[in-house]
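Have a look at the structure below before the remarks.
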Amino acid sequence: MACVLEAPLRMSVLSEVTASSRHYVDRLFDLDPQKVLQGVIDMKNAVIGNNKQKANLIVLGAVPRLLYLLQQETSSTELRTECAVVLGSLAMGTENNVKSLLDCHIIPALLQGLLSPDLKFIEACLRCLRTIFISPVTPEDLLYADTAVISRLMELLSRSRYTQEYICQIFSHCCKGPDHQTMLFKYGAVQTIADLLVSSSYKVRMQALKCFSVLAFENPQVSMTLVNVSVDGELLPQIFVKMLQRDKPIEMQLTSAKCLTSMCRAGAIRTDDSCIVLKTLPCLVRMCSKERLLEERVEGAETLAYLIETDVELQRIASITDHLIVMLADYFKYPSSVSAITDIKRLDHDLKHAHELRQAAFKLYASLGANDEDIRKKIIETENMMDRIVNGLSEASIKVRLAAVRCLHSLSRSVQQLRTSFQDHAVWKPLMKVLQNAPNEILVVASSTLCNLLLEFSPSKEPILESGAIELLCSLTQSENLALRVNGIWALMNMAFQAEQKIKSDILRGLSTEQLFQLLSDSDVNVLMKTLGLLRNLLSTRPHIDHIMSTHGKQIMQAVTLILEGEHNIEVKEQTLCILANIADGTTAKELIMTNDDILQKIKYYMSHSNAKLQLAAMFCISNLIWNEEEGSQERQDKLRDMGIVDILHKLSQSSDPNLCDKAKTALQQYLA
Numbered sequence: 001m002a003c004v005l006e007a008p009l010r011m012s013v014l015s016e017v018t019a020s021s022r023h024y025v026d027r028l029f030d031l032d033p034q035k036v037l038q039g040v041i042d043m044k045n046a047v048i049g050n051n052k053q054k055a056n057l058i059v060l061g062a063v064p065r066l067l068y069l070l071q072q073e074t075s076s077t078e079l080r081t082e083c084a085v086v087l088g089s090l091a092m093g094t095e096n097n098v099k100s101l102l103d104c105h106i107i108p109a110l111l112q113g114l115l116s117p118d119l120k121f122i123e124a125c126l127r128c129l130r131t132i133f134i135s136p137v138t139p140e141d142l143l144y145a146d147t148a149v150i151s152r153l154m155e156l157l158s159r160s161r162y163t164q165e166y167i168c169q170i171f172s173h174c175c176k177g178p179d180h181q182t183m184l185f186k187y188g189a190v191q192t193i194a195d196l197l198v199s200s201s202y203k204v205r206m207q208a209l210k211c212f213s214v215l216a217f218e219n220p221q222v223s224m225t226l227v228n229v230s231v232d233g234e235l236l237p238q239i240f241v242k243m244l245q246r247d248k249p250i251e252m253q254l255t256s257a258k259c260l261t262s263m264c265r266a267g268a269i270r271t272d273d274s275c276i277v278l279k280t281l282p283c284l285v286r287m288c289s290k291e292r293l294l295e296e297r298v299e300g301a302e303t304l305a306y307l308i309e310t311d312v313e314l315q316r317i318a319s320i321t322d323h324l325i326v327m328l329a330d331y332f333k334y335p336s337s338v339s340a341i342t343d344i345k346r347l348d349h350d351l352k353h354a355h356e357l358r359q360a361a362f363k364l365y366a367s368l369g370a371n372d373e374d375i376r377k378k379i380i381e382t383e384n385m386m387d388r389i390v391n392g393l394s395e396a397s398i399k400v401r402l403a404a405v406r407c408l409h410s411l412s413r414s415v416q417q418l419r420t421s422f423q424d425h426a427v428w429k430p431l432m433k434v435l436q437n438a439p440n441e442i443l444v445v446a447s448s449t450l451c452n453l454l455l456e457f458s459p460s461k462e463p464i465l466e467s468g469a470i471e472l473l474c475s476l477t478q479s480e481n482l483a484l485r486v487n488g489i490w491a492l493m494n495m496a497f498q499a500e501q502k503i504k505s506d507i508l509r510g511l512s513t514e515q516l517f518q519l520l521s522d523s524d525v526n527v528l529m530k531t532l533g534l535l536r537n538l539l540s541t542r543p544h545i546d547h548i549m550s551t552h553g554k555q556i557m558q559a560v561t562l563i564l565e566g567e568h569n570i571e572v573k574e575q576t577l578c579i580l581a582n583i584a585d586g587t588t589a590k591e592l593i594m595t596n597d598d599i600l601q602k603i604k605y606y607m608s609h610s611n612a613k614l615q616l617a618a619m620f621c622i623s624n625l626i627w628n629e630e631e632g633s634q635e636r637q638d639k640l641r642d643m644g645i646v647d648i649l650h651k652l653s654q655s656s657d658p659n660l661c662d663k664a665k666t667a668l669q670q671y672l673a
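Using UniProt numbering, read the sequence shown as starting at 1 and increasing by one per residue.
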């Protein structure tokens, strides 16, 4: 019975709510234009700050009618302006409101309104467009569909401080990636917006600054241009430096620092320039202090992480500025039980966003510890650091997990830490768990970290092997994602280094011959080099060489032939010849070379190659084949002499390259002994 009653009850509530709003919509259809105008003004007053009323009016179909009135040329300018204001107010409600407006094609209607001669109407359309475009549900590409729109917006930038503020805000929200940056750049955004940095309006200056922070991000073309742009005789970098002084609002300091950071990372400003070392970097460190608001601390740490990410000297300077490493530890204790936040709303917000602080701290620690051993040591010695990373690896937020893995990867570059802290905290366990089921973005960094944990001096190598890593890594080599293929094969290469025969056999079994060939014919040179490195590590120490060649010899020789005949670079060919030299060092395996005339001719060819590295690698093969103390050496020497190898050795013994010369003389001595 309840089921039957439920629907009518809900309907009656809805009709009651909408009935009270219906008269607003009905008045939009009045035949008297003055009454329509008054109706729109009353509607404007009714929806301000009232999300329920906004939703009701949308359900009742107010939007199509408002858009119709806005586009009618017979409507008065005042009516059209008021319609734009109401639509803007509706857009300030929920994301569903914005979706409803987009479904009614509001953007083309508002863009059309920008062609009007009336400034007040244009400003109302821009304000509404601004509200719609800053919503996450609005696709940015809607702004760029017609280049005439960008051109018109550039023209309107000179009309009033409101057009300047709204247009800059639209650009800073809708400029996502190189295509958007290029289009804005092409239509003269740089100089036009640069002039707004000296506006008398703080809001205009701030929005112009935000525009530059997105225009310059990862864009060398824009950044190189910005360096040489001047406003009132002052270059932009100087203006940005003035804007990040301590007496300026925090928002301005941070955004200026972001602009200078982007220009520095794009190569437009040197990393040792005083505006970076003495101004930008200290400003960003200041933003990390606990006196700052949560979002300022997050943005400060993330921007600083980006600034110093690839520069060792900046990493060192940052690490000793204002006790930054210790200061970041506070990011994990926020908000604390004795937090100074008295504003309940603020506390609620910060509790919901505290994970962003942890993410930012991990990112900055990762950048700080990217190169310097002493800095890594300081980071790891910071209270409970390894526990925090381990906890971070299993957080609900994917961004925190990714940042924690990045931090772990950065610290895993330390031989000392791999042997101590990483072992003490059994970091490999949560890392293996992360690798079982994670998005590619995390898998790439986690598998890179695993590569380091599998180096021969790492105590984690043994337990990782026992936990089924071979199967996992072999599956990574089949990934469509290039970075995962590289990391999978790289980790296997590290695993095979000086490994027991059983591990080597397990790797070959896990990979399968078919997959090995697939990797050796991969279009990416990194995959190829790491696969050759794996083969070289598998084929080391005589018993292992002989065992592997007895089971996989035919396929490996095929692969070697394939590469030596292919169009590959010197490094690839050199690595392949080194594999042959390893095979030639086997007791029974060397017969696979001696009975393969095609391979012997290739070795001979590379002995006379123009590249000394390839000549040297080919000579290693010959030396291992003719070594006197080994069984059958006489027959091998005779066969190679008949091929003309001795004549080549005589020539090489006269070489100006000391390595080639020595190697040739040593080989010739085997014939004389």
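Even glycine gets a Cβ: it sits at the ideal position worked out from N, Cα and C.
This one's a predicted model, so the numbers in the text were calculated from it and none came from an experiment.
Residue i: which of the options sits nearest, CA to CA?
{"i": "L28", "options": "K52, V326, S201 and L60", "result": "L60"}
{"i": "L196", "options": "L660, S256 and L157", "result": "L157"}
{"i": "S540", "options": "D524, D372, S505 and L564", "result": "S505"}
{"i": "Q436", "options": "V400, S394 and Q417", "result": "S394"}
{"i": "V445", "options": "E466, R485 and A189", "result": "R485"}
{"i": "T74", "options": "N45, L31 and L114", "result": "L31"}
{"i": "K35", "options": "E78, Q181 and L472", "result": "E78"}
{"i": "T551", "options": "S523, S512 and Q575", "result": "S512"}
{"i": "I545", "options": "D647, L284, T588 and S200", "result": "T588"}
{"i": "A62", "options": "R376, M43 and N51", "result": "M43"}
{"i": "E374", "options": "R413, A360 and E356", "result": "This sequence places Asp at residue 374; Glu is not what is there. The candidate whose alpha carbon is nearest that of D374 is R413."}
{"i": "M495", "options": "N526, L534 and L516", "result": "L534"}
{"i": "A46", "options": "G267, R22 and P33", "result": "R22"}
{"i": "Y68", "options": "C83, T595 and L520", "result": "C83"}
{"i": "S458", "options": "S421, N440 and L443", "result": "S421"}
{"i": "D598", "options": "L564, E631, N582 and L115", "result": "L564"}
{"i": "V285", "options": "C264, L314, S262 and G267", "result": "L314"}
Hey, quick one: how far does the alpha helix (DSSP H) through residue i stretch, first residue to last?
{"i": "F171", "result": "R161 to C174"}
{"i": "R636", "result": "S633 to D642"}
{"i": "V149", "result": "T147 to L156"}
{"i": "R536", "result": "V525 to L538"}
{"i": "A48", "result": "First, the amino acid is wrong: residue 48 is Ile here, not Ala. Looking at the DSSP string, I48 is not in any alpha helix (DSSP H), and its letter there is neither H nor E."}
{"i": "V137", "result": "Element bounds for V137: n/a, residue is neither H nor E."}
{"i": "Q416", "result": "V415 to R419"}
{"i": "F332", "result": "Looking at the DSSP string, F332 is not in any alpha helix (DSSP H), and its letter there is neither H nor E."}
{"i": "P658", "result": "P658 to L672"}
{"i": "P543", "result": "R542 to E565"}
{"i": "L79", "result": "T77 to A91"}
{"i": "G113", "result": "I106 to G113"}
{"i": "Y144", "result": "Segment: none, Y144 is in no alpha helix (DSSP H) and carries neither H nor E."}
{"i": "D32", "result": "Counting along the chain, D32 falls outside any alpha helix (DSSP H), and DSSP gives it neither H nor E."}
{"i": "Q72", "result": "Taken as a continuous stretch (DSSP letters only), Q72 belongs to no alpha helix (DSSP H), as it is neither H nor E."}
{"i": "H609", "result": "From DSSP, H609 is part of no alpha helix (DSSP H); its letter is neither H nor E."}
{"i": "F121", "result": "L119 to F133"}
{"i": "K651", "result": "I645 to L652"}
{"i": "L454", "result": "No alpha helix (DSSP H) holds L454; DSSP gives it neither H nor E."}
What residues match up with residue i in a beta bridge as DSSP calls it?
{"i": "V231", "result": "E234"}
I'd like to know whether the C-beta of residue i is nearer than 8 Å to at least one C-beta of chain C.
{"i": "V137", "result": "Annotation note: the requested chain C is absent from the structure, which comprises a single protein chain."}
My assumption, with CB atoms under 8 Å, is that residue i sits in contact with residue j. Please give the rounded CB distance.
{"i": "T163", "j": "K120", "result": "The Cβ separation is near 11 Å, so there is no contact."}
{"i": "A617", "j": "E574", "result": "5 Å"}
{"i": "V229", "j": "V190", "result": "6 Å"}
{"i": "H180", "j": "E218", "result": "Actually they are not in contact, since the Cβ atoms of H180 and E218 sit about 12 Å apart, beyond 8 Å."}
{"i": "L307", "j": "T280", "result": "7 Å"}
{"i": "Y334", "j": "L357", "result": "5 Å"}
{"i": "L324", "j": "C288", "result": "7 Å"}
{"i": "V427", "j": "V400", "result": "At roughly 16 Å, the Cβ-Cβ gap does not stay under 8 Å, so V427 and V400 are not in contact."}
- Query: What are the uninterrupted segments assigned as alpha helix (DSSP H) that are 4 or more residues long and contained completely in the segment 460–515, given in chain order?
  - Reply: Correct list: 461–466, 469–476, 482–496 and 501–511.
- What are the complete alpha helix (DSSP H) segments, minimum 4 residues, inside the segment 238–323? Within the segment 238–323, the complete alpha helix (DSSP H) segments of 4 residues or longer fall at 250–265, 281–286, 294–308 and 312–319, listed in chain order.
- Query: Which ranges would you report for the alpha helix (DSSP H) in the segment 186–212 if only whole runs of at least 4 residues count?
  - Reply: 189–194
- Message: I'd like the ranges of any alpha helix (DSSP H) spanning at least 4 consecutive residues and lying wholly in the segment 364–452.
- Response: 373–381, 385–392, 398–411, 415–419, 421–424 and 428–436
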